[in-house]
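So for the sequence shown, our numbering puts the first residue at 259; every next one is plus one. All C-beta atoms in this analysis are idealised placements derived from N, C-alpha and C, irrespective of residue type, glycine included. In what follows, a structure is listed as structure tokens, so that the remarks can point back to it.
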Amino acid sequence: MSGPTGGSAAPFGRRLTEKIAVRGPLCAGIDPHPGLLDAWGLDATAAGLEKFALSAVEALAPEVAVVKPQSAFFEAFGAPGIAVLERVVTEARLAGALVLLDVKRGDIGSTMGAYTAAYLNGHSALAADAVTVSPYLGFGALVPAIEAARAEGRGVFVLARTSNPEAGELQNALLRNGKTVAQSIVDQVAALNAGAAPLGDVGVVVGATVAPGELDLSALNGPVLAPGFGAQGATVGDLRALFGAGLRGVLPASSRDLLRRGPDPAALRAGVREVRQSLDE
Ligand SMILES: O=c1ccn([C@@H]2O[C@H](COP(=O)(O)O)[C@@H](O)[C@H]2O)c(=O)[nH]1
Numbered sequence: 259m260s261g262p263t264g265g266s267a268a269p270f271g272r273r274l275t276e277k278i279a280v281r282g283p284l285c286a287g288i289d290p291h292p293g294l295l296d297a298w299g300l301d302a303t304a305a306g307l308e309k310f311a312l313s314a315v316e317a318l319a320p321e322v323a324v325v326k327p328q329s330a331f332f333e334a335f336g337a338p339g340i341a342v343l344e345r346v347v348t349e350a351r352l353a354g355a356l357v358l359l360d361v362k363r364g365d366i367g368s369t370m371g372a373y374t375a376a377y378l379n380g381h382s383a384l385a386a387d388a389v390t391v392s393p394y395l396g397f398g399a400l401v402p403a404i405e406a407a408r409a410e411g412r413g414v415f416v417l418a419r420t421s422n423p424e425a426g427e428l429q430n431a432l433l434r435n436g437k438t439v440a441q442s443i444v445d446q447v448a449a450l451n452a453g454a455a456p457l458g459d460v461g462v463v464v465g466a467t468v469a470p471g472e473l474d475l476s477a478l479n480g481p482v483l484a485p486g487f488g489a490q491g492a493t494v495g496d497l498r499a500l501f502g503a504g505l506r507g508v509l510p511a512s513s514r515d516l517l518r519r520g521p522d523p524a525a526l527r528a529g530v531r532e533v534r535q536s537l538d539e
């Protein structure tokens, strides 16, 4: 088995649990928004993107459990942007962080195979420890990708209830079995994680902005990516109300709120420590 480190792969759920135990649960997003490049005094060019992204990784990746590059901001620069993304993945992992590539891919099974080859196979320069995937072409279409990820010690995070205000109309719609769409996704992920210890390899995305009580995550036994923390308004109190006091396996994700503190690396690191302290209180 060729794993993320080139050797035999420990399961993603275990690697994530161990990393959180050492570094805490914060997931630092690398989202090179044009406005942030400008605020950092950089041009909106591939060179500016590279300086921004690699500086952010250098400051943040040694501090956090997970680094989450947002692929869209790199794709926007075409091939040179993808080349920068490859370096971000490599450098973040060299700094000891797990890389969760936010690509939100989801397609018919045969095309999912190509996405799997791009992001979840050790032969690819874009291979990450985990990726975000969309179940809206059918949860079953994701299963081969999930199995391929697990075989390499990698993980996936399935969109369930996203943080954006428009999401509820679709994701809270009721299915014939009486469950919401989002709950049905959570339950299908839970079935894949059943019996795993210390944590399954298949996560869900549940926005930190979501109202408490919308979802039952008690059987999930897997990680939760919780974006919406910081710039989208969710607080530590919201996280606790939504996920419970322990926040086991929950990765609060912050991009703009951390990155706006740059380019000074000390200020970026101070941002991480501030959030970590507030999560510990
Ligand atoms: O439900 C979701 C899923 C993904 N995202 C992504 O997370 C970051 C959030 O950035 P902030 O600057 O911290 O708001 C961004 O890459 C989104 O695409 C999300 O926000 N909500």
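Q. Is it the case that the CB of R408 approaches a heavy atom of ligand 1 more closely than 7 Å?
A. Your numbering for residue 408 matches position 150 in the sequence shown. False, no ligand heavy atom lies under 7 Å from that Cβ.
**Q.** Alpha-carbon spacing of S313 relative to R434, whole angstroms
**A.** As a first step, residue 313 is located in the sequence shown; it is residue number 55 there, counting from the start. As a first step, residue 434 is located in the sequence shown; it is residue number 176 there, counting from the start. Rounded to whole angstroms, S313 to R434 spans 49 Å at the Cα level.
Q: State buried or exposed for Q535, treating a residue as buried only when at least 16 other CB atoms are found within 10 Å of its CB.
A: If you number the sequence shown from 1, residue 535 lands on position 277. With fewer than 16 other Cβ atoms within 10 Å, it is exposed.
**Q.** Whole-Å CB distance - L274 paired with L359, under 8 Å assumed
**A.** Along the sequence shown, one-based indexing puts residue 274 at 16. Along the sequence shown, one-based indexing puts residue 359 at 101. 14 Å between Cβ atoms; not a contact.
Q. Which of the three DSSP states, helix, strand or coil, is assigned to D360?
A. Position 102 of the sequence shown, counted from the first residue, corresponds to residue 360. Residue state, collapsed to three classes: strand.
**Q.** Limits of the unbroken beta strand (DSSP E) element including K437
**A.** Translated into positions along the sequence shown, residue 437 becomes position 179. Per DSSP, K437 belongs to no beta strand (DSSP E) and is neither H nor E.
Q: Between the Cα of D459 and those of A449, V530 and A466, spot the shortest distance and give me the residue it belongs to.
A: Walking along the sequence shown from the start, residue 459 turns up at place 201. For the residues A449, V530 and A466, the minimum Cα distance to D459 belongs to A449.
Q: Out of V468, I340 and I366, state which residue places its alpha-carbon closest to the alpha-carbon of S382.
A: The residue given as residue 382 occupies position 124 in the sequence shown. The residue with the shortest Cα to Cα distance from S382 is I340.
Q: Assuming D416 contacts V462 (C-beta within less than 8 Å), just tell me the rounded distance between them.
A: Along the sequence shown, one-based indexing puts residue 416 at 158. Along the sequence shown, one-based indexing puts residue 462 at 204. Rather than Asp, the amino acid found at residue 416 in this sequence is Val. Yes, V416 and V462 are in contact; Cβ-Cβ is about 5 Å, under 8 Å.
Q.
Are the CB atoms of L478 and V439 within a distance shorter than 8 Å?
A. Here residue 439 refers to the residue found at position 181 of the sequence shown. Here residue 478 refers to the residue found at position 220 of the sequence shown. No, these two residues do not count as a Cβ contact at 8 Å.
Q: Enumerate, from N- to C-terminal direction, the unbroken alpha helix (DSSP H) stretches of 4 or more residues contained entirely within the region 388 to 413.
A: 401 to 409
Q.
I want to know whether the region 397 to 415 touches the region 494 to 506 - three or more CB-CB distances under 8 Å.
A. no
Q.
Using a Cβ distance threshold of 8 Å, determine whether the region 388 to 395 contacts the region 407 to 421, with at least three qualifying pairs required.
A. yes
Q: Please determine, among P290, K309, E321 and T303, the residue with the shortest C-alpha to C-alpha distance to R527.
A: One-based indexing of the sequence shown puts residue 527 at position 269. It is E321 whose Cα lies nearest to the Cα of R527.
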